[in-house]
Every structure is written in structure tokens, then in C-alpha cells.
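Residue numbers (our numbering): -1 to 352. Glycine is no exception: its CB is placed at the ideal position from the N, C-alpha and C atoms. What you are looking at is a predicted structure, and each value in this text was computed from that prediction instead of being measured.
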């Protein structure tokens, strides 16, 4: 049976180069050499020693997941989906919850870059200084989840938020709504989240394209991305109980904010959807269907997000593509879908005031 030395001799290259090519370390040999080695190995019936290959590859089967928090419904759902997907591949998911300042991240960096995991899935805002491939975080296979921007050289997977916003805006516009409220989720320090700002920008553009005024017809409220945050945000913009607000529709940053908004509207004597139409975001596990009224929402494919990200990460881990794959800006945007239910209806008329 042919071995590495025989392949090297026939191709007149070093045994080290053959080993690199056979083990997917494409950055160490040219693409042409890699193709020649694999072709000859196949022709000669080369079969690698499993123990030796495992030693060279130093695989652990562990995948790292880094986030600043897992106490929000979207991240919790993503964590569960990734755990299942990694388990199906025979691996383990190792979670790292980061601190808010750089000095709190030494332990996580040590774990992720000392061979404890084969690759990292990261929610970008959890990693300070994550701006270039030269960052200390970028020393191994990595895929970004739900980034607020693309980073050259780092594959990422996110949802097509702009299209989701466009679908929601078109739905409300078709129902006759002309002034709407966007409830933006805030970050952990009560700052505007990059994702929320991106959705607001997309909403203004979509509204403008429909014939409205993206600046004056879109009102904005802000709150924590929780049920309580949605409740507080609506209370800040609603007037006296029984008085109709200037907006007839609401698009919420997530479903938790939407739930809080319903409570605040109800306390003010406003009905959904008769007085105010409401659209949520995420629709995890089809849960908006069970609210009263059943909530119209932009549904995100969390199952597909987890598996697409893991596929991209394993392409890097296994070295199935040349190094140019990593250097290319691979940004996957997954399609989202507006699920229309009972919480949206034609815009109210002023004569229907309470």
C-alpha cells in the first residue's frame, strides 16, 4: 500500500509537502500541488493511518460559542440549535460568556486559542477589538453570528433584516397606515444597538420608497429588548388614556418588546389591531400564533442560521477550501418571512376615536 514517502518520490516533492496537502493544510502548499497530491494518492489507493491523522489534526470535536449574554430569547434559541447541530456531528459545544471590558477576556482567549476547541462561533459585539483579521481573536477558524457589519476575511451568517423590514413596511402601507412607530431595542448599557439602528435606517428607506416620508412618518421609541422594555417604551410615547396616538402601526425590535407594547396599549384603552396594528420580530417556535390577538411577525430561520454557520466553520476546520476561501468576504444573509396574523388590520379612521 502506498505511503507518504512513495507519493513524495513520484511527485519529486518533500514528504512534508505531501503531508500538508493530505491533511488539508492548504496554506502551506500551492493549490496546484495539493491537487496533484490528492490525485496521485487516490490513484495509488493511499489510506491514512487514523491515529496518526488524528494526532496531526489535533481535533477535539469541541466548538466554542462566544456571547456576552444568553438571557435573550433569540440567543437562547440559537444556543439550543447549535448544541443539537454540534452533537449531531459528534462534537461538544463550549460556551463562553464574555465580560464588558477587555481585561475580562483573557480567560476566554486562552480557552479558544490553546487547542481546547477546533473553531469559534462568535456574536461580534461580545469581542472587544474585533475589527481586523489581526485581532487576537482571529487566530483560528471563526464564523461571526448576526454581525452588525461585515469584516474582511471572516465568514459570517445573519438574517436579511433589510428585506424583513421592507416586507413589514409594505404590509402596513398596503393596509393604509401612514404614520408608524418603530420600537428599537437598546444594548446592555442602554445604548442604541447596531442592529436596531440598521433596521431603523432600512425602515426609513423602505417607507420612502413606498411614497411616505422616511424621516417624519416614522416615529421612534427605545427600550430594553425585553417585555418590560417594550412596555416602558410605549408608555413614554402614549398620551392620556383613551387618546389615540399619532401612529396607527407599530414595528417592534423583537417579540418580547411586542408583548410589552400590547400591555401598555391595553392599559391606555387602545385595542390591537382595531386602534393600533402591531408587528413583532423573530417568531421563534411559531409562538406569536398563540398570543391574543395572534401576532403578525417577521420570522427568522434560526435553525438554518445554526447549521449554515456550523457548515462554514467546518469548511475552515477541515481545510476543504484553499486559503483564499477564508480571505474572501463570505457573508451569508438568510431570507426571512413576514407571517401575517390577527394583530394587523386596516388603519383606523379618526372618527373611530374612543
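Put simply, the region 240 to 259 touches the region 172 to 182. At least three CB pairs are less than 8 Å apart. In the structure shown, residue 154 falls within a strand segment according to DSSP collapsed to helix, strand and coil. In its chain, beyond the 5 residues on either side, 63 have a beta carbon closer than 6 Å to the beta carbon of residue 93. DSSP, read as helix, strand or coil, puts residue 335 in strand. Three or more beta-carbon pairs separated by less than 8 Å are not found between the region 280 to 290 and the region 147 to 156, which leaves the two stretches without contact. The Cβ atoms of residue 244 and residue 266 lie no closer than 8 Å to each other.
The Cβ neighbour count for residue 175, taken over all protein chains shown within 10 Å, is at least 16; the residue is labelled buried. The closest CA to that of residue 115, considering only 59, 78 and 73, is found on 59. Looking at 227, 295, 336 and 340, the one whose alpha-carbon comes closest to that of residue 271 is 340. DSSP places residue 193 outside any beta strand (DSSP E); the residue lies instead in the alpha helix (DSSP H), whose first and last residues are 192 to 208. Secondary structure of residue 345 (DSSP, three-state): coil.
Beyond the five residues adjoining it in sequence on each side, residue 202 comes within less than 8 Å, by CB distance, of 212, 213 and 216 in the same chain, given in chain order.
Around the beta carbon of residue 122, 16 or more other beta carbons lie within 10 angstroms, which makes this residue buried. Taking the Cα of residue 85 as reference, the smallest distance to any Cα among 294, 305 and 40 is reached at 305.
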